[in-house]
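The block underneath contains the structure these notes are about, expressed in structure tokens.
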Amino acid sequence: MPQQAGSITYLKLVGAMFMWGGTWIAGRIVAQELPAPLMAAAFRFLLAGLVLAGYALLSEGRIPRLQSSSEWGSVTGLALTGIFIYALCFFYGLKHIPAGRGALVVALNPVVAALAAWFLGQERMTPVKLAGIAIALVGCLTVIGNGDPFALLHGAIGLGEWLIIGCVLCWTVYTFIGRRATRTISPLGATLYASLIGAALLGMTALLQGRIELSEWSWRVWTSVAFLAIGGTALGFTWFADGVKRLGAAKASAFVNLVPVFAVLQAAALLDERLGAAVLGGGLLVIAGVWLTTIFSERTA
Numbered sequence: 001m002p003q004q005a006g007s008i009t010y011l012k013l014v015g016a017m018f019m020w021g022g023t024w025i026a027g028r029i030v031a032q033e034l035p036a037p038l039m040a041a042a043f044r045f046l047l048a049g050l051v052l053a054g055y056a057l058l059s060e061g062r063i064p065r066l067q068s069s070s071e072w073g074s075v076t077g078l079a080l081t082g083i084f085i086y087a088l089c090f091f092y093g094l095k096h097i098p099a100g101r102g103a104l105v106v107a108l109n110p111v112v113a114a115l116a117a118w119f120l121g122q123e124r125m126t127p128v129k130l131a132g133i134a135i136a137l138v139g140c141l142t143v144i145g146n147g148d149p150f151a152l153l154h155g156a157i158g159l160g161e162w163l164i165i166g167c168v169l170c171w172t173v174y175t176f177i178g179r180r181a182t183r184t185i186s187p188l189g190a191t192l193y194a195s196l197i198g199a200a201l202l203g204m205t206a207l208l209q210g211r212i213e214l215s216e217w218s219w220r221v222w223t224s225v226a227f228l229a230i231g232g233t234a235l236g237f238t239w240f241a242d243g244v245k246r247l248g249a250a251k252a253s254a255f256v257n258l259v260p261v262f263a264v265l266q267a268a269a270l271l272d273e274r275l276g277a278a279v280l281g282g283g284l285l286v287i288a289g290v291w292l293t294t295i296f297s298e299r300t301a
């Protein structure tokens, strides 16, 4: 059962969403400047794991230890879904589509989480939720189709869009594994071990892939990697995991609809991205659908 949550939990979730909004800008910079961005992803999660380990030593006097094979299986699942496969979809997707548009697609996360929770028998489906899901899907199709909600029907969806949809699926699985993992592992411990395992998987893949020229990385790439590690992972992942533990997966996932708002604003300010009115309208439909599916349906239940 979710634990009692105070105002600090909600502030952490909003802070995590702001950080995650910024990851789309940092990710776009890395994806555009590096031909093979996976080593940057590996550095991101390695640095994040080291930061979390240092924080654990300072705050708790020790690094959390996993006690069973089940706990190791949980953090490995987190690493595979929310870090390794997600990073592949994230960085290569951002080679093809703008940061703000990618973030609007990922706003569908809470709707997919609600569908998964209903399918798994963890939550009931209501007419309000169904309406929210339908609205969010129409909005998502509009964003994916770059303003044309029927683009999917005539095969006009590119590789970048499909990869960002992969991010949605990976994050849904990550959320539910995280809910199970944090029953026995602290959010900090789960994020720490998942980051290190994910960094190892990404690093090995990057070495096999080749084309790694660290001396050619610009200050923009190194700054982006540092932000992705500290803000987007060490803080963002831990704060979100704490929210899942205290509020439950569906309620915590509702905050993800803030990510595209922060991402679009930051992309406009930092990357000078300008999305079309139809795409922004689709994004608003996604957020409205998410609100109906999660927050509104909870209030009227």
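Numbering-wise (my numbering), the sequence shown opens with residue 1 and increments by one. For glycine and all other residues, C-beta sits at the position ideal for the given N, C-alpha and C. Everything numeric in this text was worked out from a predicted model, so none of it was measured.
- Buried is the label assigned to Pro187, since at least 16 other Cβ atoms lie within 10 Å of its Cβ.
- Beta-carbon to beta-carbon, Val259 and Ile29 are separated by about 17 Å, too far to satisfy the 8 Å threshold.
- Taking the CA atoms as reference points, Trp171 sits about 7 Å from Tyr86.
- Cβ-Cβ separation between Leu202 and Ala42: approximately 4 Å, consistent with a contact (criterion under 8 Å).
- Annotation for Thr191: the continuous alpha helix (DSSP H) segment containing it runs 187-209.
- In this structure, the CA atom of Gly231 is about 32 Å from the CA atom of Ile135.
- Segment contact: the region 263-277 against the region 18-25, three or more CB-CB distances shorter than 8 Å; contact assigned.
- Of all C-beta pairs linking the region 66-76 to the region 176-196, three or more are shorter than 8 Å, placing the two stretches in contact.
- Its Cα nearest to that of Trp118, the residue Phe176 stands out among Phe176, Ala107, Arg101.
- The C-alpha of Leu50 lies about 33 Å from the C-alpha of Asp272.
- Non-local beta-carbon contacts of Tyr55 in its own chain, meaning distances under 8 Å to residues more than five positions away in sequence, involve Leu188, Ala234 in chain order.
- Under the 8 Å Cβ criterion, the region 88-104 counts as touching the region 156-167, having at least three qualifying pairs.
- Take the alpha-carbon of Ile144 and the one of Gly21: they are about 18 Å apart.
- The three-state secondary structure of Asp272, taken from DSSP, is coil.
- Annotation for Thr81: Cys170, Val173, Tyr174 place their beta carbon closer than 6 Å to its own, counting only its chain and skipping 5 residues before and after.
- Distance from the CA of Gln209 to the CA of Ala288, rounded to the nearest whole angstrom, comes to 41 Å.
- Going by beta carbons, Leu285 and Thr142 fall inside the 9 Å limit.
- Going by C-alpha positions, Leu58 is about 23 Å away from Arg183.
- Here the alpha carbons of Leu46 and Leu196 stand approximately 6 Å from one another.
- Rounded to the nearest angstrom, the gap between the Cα atoms of Thr223 and Ala131 is 42 Å.
- Residue burial is scored here from C-beta neighbours: Trp239 has at least 16 other C-beta atoms within 10 angstroms and is therefore classed as buried.
- A Cβ-Cβ distance of about 28 Å is found for the pair Val279 and Arg44, leaving them out of contact under the 8 Å criterion.
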